[in-house]
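Colleague: The following block contains the structure, expressed as structure tokens.
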Amino acid sequence: MCATKTSRAAKAAPKGNSEDYLRMYRQMVRIRTFEDNANQLYLSAKMPGLTHMYSGEEAVAVGICEALTTEDKITSTHRGHGHCVAKGAEFKEMFCELLGKAEGYCRGKGGSMHIADTSNGNLGANAIVGGSMGIATGAALTSKMLGKQDVAVCFFGDGATAQGLWYEVMNMAALWKLPVIYACENNGYSEYTKTDEIAAGSIRGRAEAFGIEAHQVDGQDVLAVNTLTEGLVERARKGEGPFFIELMTYRYHGHHVGDINREYYRSKAEEKDWKDNRDPIIRFRGWLVSQGLATEAEIEALNAEIEADAKAAVEYALAAAYPDGAEVDLHVYAPTDPSVFRPGA
Amino acid sequence: MCATKTSRAAKAAPKGNSEDYLRMYRQMVRIRTFEDNANQLYLSAKMPGLTHMYSGEEAVAVGICEALTTEDKITSTHRGHGHCVAKGAEFKEMFCELLGKAEGYCRGKGGSMHIADTSNGNLGANAIVGGSMGIATGAALTSKMLGKQDVAVCFFGDGATAQGLWYEVMNMAALWKLPVIYACENNGYSEYTKTDEIAAGSIRGRAEAFGIEAHQVDGQDVLAVNTLTEGLVERARKGEGPFFIELMTYRYHGHHVGDINREYYRSKAEEKDWKDNRDPIIRFRGWLVSQGLATEAEIEALNAEIEADAKAAVEYALAAAYPDGAEVDLHVYAPTDPSVFRPGA
Amino acid sequence: MREITLSQAVNEALREEMRRDETVFIIGEDVAEAGTPFKVLAGLVDEFGTGRVIDTPISEPGFVGMAVGAAMTGTRPVVDLMFGDFLFLVMDQLCNQAAKIHYMSGGTLRVPMVLRTNLGATRRSAAQHSQSLHALVAHIPGLKVALPSSAYEAKGLMKTAIRENNPVVIFEDKLMYNDKAPVPEEEYLIPFGVANVKREGRDITLIATSSMVQVCEKAAETLAAEGISAEVIDPRTIVPLDTETLIASAKKTSRVIVVDEGHQSFGVTSEIASRINEAAFYHLDAPVMRLGAMDVPVPFSPALEDLTVPTPEKVVEMARRLCAGEMIHAA
Amino acid sequence: MREITLSQAVNEALREEMRRDETVFIIGEDVAEAGTPFKVLAGLVDEFGTGRVIDTPISEPGFVGMAVGAAMTGTRPVVDLMFGDFLFLVMDQLCNQAAKIHYMSGGTLRVPMVLRTNLGATRRSAAQHSQSLHALVAHIPGLKVALPSSAYEAKGLMKTAIRENNPVVIFEDKLMYNDKAPVPEEEYLIPFGVANVKREGRDITLIATSSMVQVCEKAAETLAAEGISAEVIDPRTIVPLDTETLIASAKKTSRVIVVDEGHQSFGVTSEIASRINEAAFYHLDAPVMRLGAMDVPVPFSPALEDLTVPTPEKVVEMARRLCAGEMIHAA
Ligand SMILES: Cc1ncc(C[n+]2csc(CCOP(=O)(O)OP(=O)(O)O)c2C)c(N)n1
Ligand SMILES: Cc1ncc(C[n+]2csc(CCOP(=O)(O)OP(=O)(O)O)c2C)c(N)n1
Ligand SMILES: [Mg+2]
Ligand SMILES: [Mg+2]
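Residue numbers (this note's numbering), protein chains in the order written: chain A, 1 to 345; chain B, 1001 to 1345; chain C, 2001 to 2331; chain D, 3001 to 3331.
This is how it looks when you write it as structure tokens:
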């Protein structure tokens, strides 16, 4: 049921066949469906804590992650479910994690804001805004140092561009030509504040000042995002990185699931406009049908299948066990095989 | 003996009379002389710790500080003696501070790297590279908030542009149009490393990306520095700030007084070229004489007077008393008048 | 007396001080129209405007640094740091700069600023939004550290903090924002360095900070029912620390437990325990015991998170053993 | 046995581990040709090249963050943080990220990195270049903390740190770089969590970290001349802490002083004292006493700076009073 990702060897040609397009569509719907269910879990008080919905931004995560192999790395954010799904994660382990269950990706220890899926190269969401900028750049350093081909994509929001860390790591990435792509999801808001009020000058210009090639793309157009990213990823593998992409997008929900009354900072009309006229799933669905890549009926069947998957995963997660109390002080320190400490080891 | 600074009221017209020019010259020589004496104190093992010489960069501090009033604020760096002298400090209190004596500007508690002179608006040197970028910007915030006319100048080196803090405060300064001028002393080196190796892209471009007007100026030409700064200061007072200036300069000594063998990172030929052909004092002296603003004899007399002042101050400081041991736990907390804690106070 | 929430108490303190002194201002993320995610500052921007309730970009080191500079030049900033966990981002500006400037300048500069932030786990916010990091700042000379345990303290300590000429870090417990307590209408301030004996007792002293005061008061109820009379003391500020009151109580009861929500190791409980041991050793019937949070990152899962913090049950259990002399056998 | 300096010992440890494991690399400011301002890394770049001895811009949060990411993906970075005081700049990456990633990921990610830095005052470097901040990182679960007290420990602990699968912070005393000690030619590692009894004694235990071990050894000499037999113990790592060895010694001698160069309040001495008090209370003749650095920013003036740190004289004086039972009267 999961969208299988190709390994690097199998993935040379650019997107172009219906299988690829349908997988992109499927992944976007999976994200939207995941979020709708997560929101329901919150509203019905079945989820501990709060969570940040990715709905509306699906084309960003999917367009980018479809350009990556399983070995490529990503770092994610507090609004990270979309990146996680797009990079190949399963509903069951994700819902378990959101509910703090032992079968979650992080055995319930991380929750929504720290979900990581190492099997697919997702180095984890981060609850410190901008906190993973160094991590992603460091993953790219590993790649270069060990002579690997991996590229690292660092997802972050427009608000995160205010963190000094970004400028520090951009400088080093540029000096050392690291294979990292900084992907700024500009959804126009940083919590309850408009981006214009907290970002002076030009965000792209900031990357360019470090000699980094910068692009802006419509984040609601999955093909545009994917095509741009495919090209940059290939170039980054050849040592032409780093790159910066500003993805213009929108979040449909509040800053987090509890942010219901938000008219004091953004209008309902604005929200309606994005949802009605620029929805990435509706747009791509229309394109798929118009290109004859899928029929309406096939699409509906796909949607229904995903819906059913999600429901099953939610039910599974609700019934799943919490971690045993004894796990509370497990994983504070990683074990080290004592033999490595022997001289000559 | 100190160069008296004008108050804001008295200081309206741009530089143009010989008194101003001679004061600039005098201040540059005072800095050079101070440093030569400080270096001797180190070499003769009379100074505790290490210190960083400003020699070679005099036109930067003097050109800028001569555009400021006593009420304007500056923040300084680990290489801060020049800023301190240029903003109006006295030799005696400075040498006392460098030697850890009770009559020093900071009662010996700060030393070279923390010298502050509040009477002249010098908010202090800082031993954290870039550490005063927030402080200077905050001083500008005070100025704006309380409706004052003060401008704040933040001095820092090319190496400090790698600190993320700078980008954070530039963003806010630009958003809020704060009267702050970021003055980057680009002396080509960050400790033992060339600037090119640690700064990608364009330093000026980084300020410009935040919508900040950026300038580059020959930091060995005191008049060029002063003229540019006078203009920017006036505009900053009117709310047209912030501004950025990159001052191209050179440090004659090693990174600190103990950095003697430095051929592994820069050549003697390069040092000789700067000293012989671009020295700010020699250049300005030549100009003063050629313009008939001073005779060689007058200049020599001035130099000798400053030399004598320095010698006297050094002798005074060497003989001065250390702070009493009881001062060790004084000034950890500032006293607060207990009456302010009474309700209704 | 009227009762108001801790959130309202903080809001009132700020409003009163901003009216009283026009150099007081607030700076932080989403402090203006949003009034912070916890809504603590709701309405202040309406009275004081965006010139004194200043929304910032997400630049914690930047705006803390600016507050330091602003404080040095004639204002009294109150910095809003949305989560105590973000202290790690601002340590340089707080500990290398704010804390040391008065000293390094030989007393010529001062930094009268307040950094308001929070602590406390069990909100299901996981490892980066649940820490109680007050021990870290308490270790740095030059900072003062206040830990209000109710709306009453939150108001009185905040007002004192704002009038202080030194950098003060105040930690509110984020789970207590809606807790009500009696708060006088009349103006009052709570001095720093004066502990509050919340409940008198004879057999054992429970020293508790922040929300742990509630925990210990509940424990004391249970213990009372078992015939053990527990004294509960809230130091209110840990820097300065009212060691005298704590020691006097220890000498009286001869048994002490120190309860705090920071990690136990290298934390606040160790410091308080050490001071008491040093000064009251020969009056003690048992070692001063510590009860801090577990030395683990805060886990997200409720099944795990609740195990990490001190609870009334744990306090009662430890007090029982101490009073029964059981620690003797353990040693 | 041959004697080498602490600086050479660190250099050797790095050279050996970089030869042994090609995923080990060094990153920091002026680490390559300059070999750091203290010249500790001199020559390593010649053998391993600038690809593995990497000079960075002055971006401490940036390169620590990159080291975290590099460590998560298959390398073993050794970060060079030029002064321990700069820890305040990297706390977020170290404490919110490196320390918690293994736990938050439920054990699926790990961060095998070493952060080498230093501590120690009396170098006339003033408040921002003289701090001993090891207590701060020791408070954060997920980090291990080593404090070598001589060239021998510096080499053996560094090698262990590099092979550890967790983030380790190692603090070298910057005044000891030129101090020589016997160091075997043959390879050896020093396990974490195993204290070293430097000197056996009967009457009093002196627990000392880093350069305070020398201080206490000197004090022990003086005390011996006065007929007081002092045991000197070096924990070598404070996380993990070999509480068992410390407690056993406390039970044997019945008097303990803990000496450390960090600020005394909310510091390392409090933690060690508390653990001993809790476990050995009924074996003690006197309270466990602490001797840390004064709770003041480090002053520049030599006349003041020297007053702030523990000295052999202060240790001797305190030991004498403890052994004379004077603390009884004080309490
Ligand atoms: C360092 C830090 N500061 C503040 C916060 C609180 N916070 C969480 S999300 C957020 C806004 C982030 O905006 P943006 O980067 O644009 O991402 P978006 O939420 O729009 O996806 C803030 C301020 C945080 N988590 N970390
Ligand atoms: C945060 C921080 N990192 C590193 C250092 C060590 N250090 C002191 S001066 C310096 C180089 C500064 O270069 P630059 O800013 O160009 O100033 P310059 O010395 O050239 O005047 C460094 C790395 C420091 N003091 N603070
Ligand atoms: Mg956003
Ligand atoms: Mg420089």
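In this text, a Cβ means the ideal position worked out from N, Cα and C, and glycines have one as well.
Compare the C-beta of L2307(C) against all C-beta atoms of chain A and say whether one is closer than 8 Å.
Modeller: Cβ-Cβ to chain A under 8 Å: yes for L2307(C).
Colleague: Is DSSP giving K1194(B) helix, strand or coil here?
Modeller: Three-state result, K1194(B): strand.
Colleague: First and last residue of the alpha helix (DSSP H) that includes G231(A)?
Modeller: G231(A) -> alpha helix (DSSP H) spans 222 to 237.
Colleague: Using the Cα positions of K87(A) and A45(A), report the straight-line distance between them to the nearest angstrom.
Modeller: Answer to the nearest angstrom: the Cα atoms are 28 Å apart.
Colleague: Measuring alpha carbon to alpha carbon, tell me which residue in W1166(B), I1306(B), V1328(B) is nearest Q1027(B).
Modeller: When each option's Cα is compared against that of Q1027(B), the closest is I1306(B).
Colleague: Kindly list the residues whose CB is nearer than 6 Å to the CB of S18(A), restricted to its own chain and excluding five residues on each side of it in sequence; keep chain order.
Modeller: Excluding sequence neighbours, S18(A) sits near L293.
Colleague: My output table needs one value for E1271(B): the three-state DSSP class, helix, strand or coil.
Modeller: Three-state result, E1271(B): helix.
Colleague: Determine the burial state of K268(A): buried for a count of at least 16 other Cβ atoms within 10 Å of its Cβ, exposed for fewer.
Modeller: It is exposed - the Cβ of K268(A) has fewer than 16 other Cβ atoms within 10 Å.
Colleague: Thinking C-beta only, is G111(A) closer than 8 Å to E93(A)?
Modeller: Not in contact: E93(A) and G111(A) (Cβ atoms no closer than 8 Å).
Colleague: Counting only runs that start and end within the region 3002 to 3068 of chain D, where is the alpha helix (DSSP H) found for 4 or more residues in a row?
Modeller: Runs of the alpha helix (DSSP H) inside the region 3002 to 3068 of chain D: 3006 to 3020, 3044 to 3048.
Colleague: Using C-beta distances below 7 Å, list every residue in its chain close to A334(A), excluding the 5 sequence neighbours before and after it, in chain order.
Modeller: There are no such residues.
Colleague: Taking V2040(C) and N2011(C) to be in contact with their CB atoms under 8 Å, please state how far apart those CB atoms are, rounded to whole angstroms.
Modeller: Rounded, the Cβ-Cβ distance is 6 Å, consistent with contact.
Colleague: Quickly, what does DSSP pair G2120(C) with across the bridge? List them, please.
Modeller: Answer is none; G2120(C) lacks a bridge partner.
Colleague: In angstroms with no decimal places, state the Cα-to-Cα distance between K2251(C) and H2283(C).
Modeller: Distance between the alpha carbons of K2251(C) and H2283(C) is about 5 Å.
Colleague: For I282(A), is the classification buried or exposed, using 16 other Cβ atoms within 10 angstroms of its Cβ as the cut-off for buried?
Modeller: The residue is exposed, with fewer than 16 neighbouring Cβ atoms inside 10 Å.
Colleague: Could you check whether the Cβ of S55(A) sits closer than 7 Å to any heavy atom belonging to ligand 3?
Modeller: Checking every heavy atom of ligand 3 against the Cβ of S55(A), none is found closer than 7 Å.
Colleague: Note down, in chain order, every chain A residue with its Cβ under 7 Å from the Cβ of Q3093(D).
Modeller: Neighbours of Q3093(D) on chain A, chain order: G134.
Colleague: By a C-beta neighbour count over all protein chains shown, 10 Å radius and 16 as the cutoff for buried, is D2173(C) buried or exposed?
Modeller: So D2173(C) counts as buried.
Colleague: Residue range of the alpha helix (DSSP H) that E2153(C) falls in?
Modeller: Per DSSP, E2153(C) belongs to the alpha helix (DSSP H) from 2151 to 2163.
Colleague: Just checking: is the beta-carbon of A3331(D) within a distance shorter than 8 Å of some beta-carbon in chain C?
Modeller: Confidence is the limiting factor: at A3331(D) the pLDDT is only 46, short of 50, which leaves the residue's position unreliable, though a coordinate-based value still follows. It does: the Cβ of A3331(D) has a partner Cβ on chain C nearer than 8 Å.
Colleague: Would you mind listing the alpha helix (DSSP H) stretches within the region 3237 to 3279 of chain D that are 4+ residues and don't spill past its ends, in chain order?
Modeller: Entirely contained in the region 3237 to 3279 of chain D, the alpha helix (DSSP H) runs reaching 4 residues are, in chain order, 3243 to 3253.
Colleague: Check each candidate in D2092(C), T2075(C), A2248(C), T2117(C) and name the one with the smallest Cα separation from R2110(C).
Modeller: The option with the nearest alpha carbon to R2110(C) is T2075(C).
Colleague: Kindly give me the distance between the Cβ atoms of H83(A) and H52(A), rounded to whole angstroms, as I take these residues to be in contact under 8 Å.
Modeller: H83(A) to H52(A), Cβ: 12 Å. No contact.
Colleague: Determine the burial state of P338(A): buried for a count of at least 16 other Cβ atoms within 10 Å of its Cβ, exposed for fewer.
Modeller: So P338(A) ends up on the exposed side.
Colleague: Who are the Cβ neighbours of R104(A) in its own chain at under 7 Å, not counting the five residues just before and after it?
Modeller: For the sequence presented, residue 104(A) should be read as Gly rather than Arg. These residues qualify, in order along the chain: E93, C96, E97.
Colleague: Rounded to whole angstroms, what's the CA-CA distance from S1007(B) to A1345(B)? Just pull it up for me.
Modeller: Any reading at S1007(B) must be qualified, since the residue scores a pLDDT of 45, below 50, and its modelled position is unreliable; the value itself is stated next. Computed Cα separation, rounded: 34 Å.
Colleague: On the CB-based measure, 16 or more other CB atoms within 10 Å of its CB, does Q3097(D) come out buried or exposed?
Modeller: Under this definition Q3097(D) is a buried residue.
Colleague: Using the Cα positions of T1227(B) and E2271(C), report the straight-line distance between them to the nearest angstrom.
Modeller: Rounded to the nearest angstrom, the two C-alpha atoms are 57 Å apart.
Colleague: What separation, rounded to the nearest whole angstrom, lies between the Cα atoms of A317(A) and Y54(A)?
Modeller: When rounded, the distance between both Cα atoms is 20 Å.
Colleague: Mind checking whether Y167(A) and Y1167(B) have CB atoms under 8 Å apart?
Modeller: Contact: yes.
Colleague: Roughly how many whole angstroms lie between the Cα atoms of L141(A) and R107(A)?
Modeller: Going from the Cα of L141(A) to the Cα of R107(A) covers about 29 Å.
Colleague: Using beta carbons (cut-off 8 Å, strictly below), is M1(A) in contact with chain B?
Modeller: Reliability fails at M1(A), whose pLDDT of 35 lies under 50, so the model's placement of it is uncertain and the value that follows must be treated cautiously. By this cut-off, M1(A) is not an interface position.
Colleague: With a CB to CB cut of under 6 Å and the five nearest residues on each side skipped, what residues in its chain are close to A3070(D)?
Modeller: P3077.
Colleague: Spatial neighbours of K1005(B) within its chain, please: C-beta separation below 6 Å, excluding the five flanking residues on both sides.
Modeller: With a pLDDT of 46 at K1005(B), under the threshold of 50, the predicted position of this residue should be treated as unreliable, though the coordinate-derived value follows. Here the set comprises T1070, G1088.
Colleague: Taking the alpha helix (DSSP H) that Y248(A) belongs to, which residues open and close that run?
Modeller: As written in the sequence, residue 248(A) is Met, which differs from the Tyr given in the question. First-last for M248(A): 243 to 248, but that is the beta strand (DSSP E), not the alpha helix (DSSP H).
Colleague: Could one say the Cβ of E1168(B) lies closer than 8 Å to chain A's Cβ atoms, at least one of them?
Modeller: It does; some Cβ of chain A falls within 8 Å.
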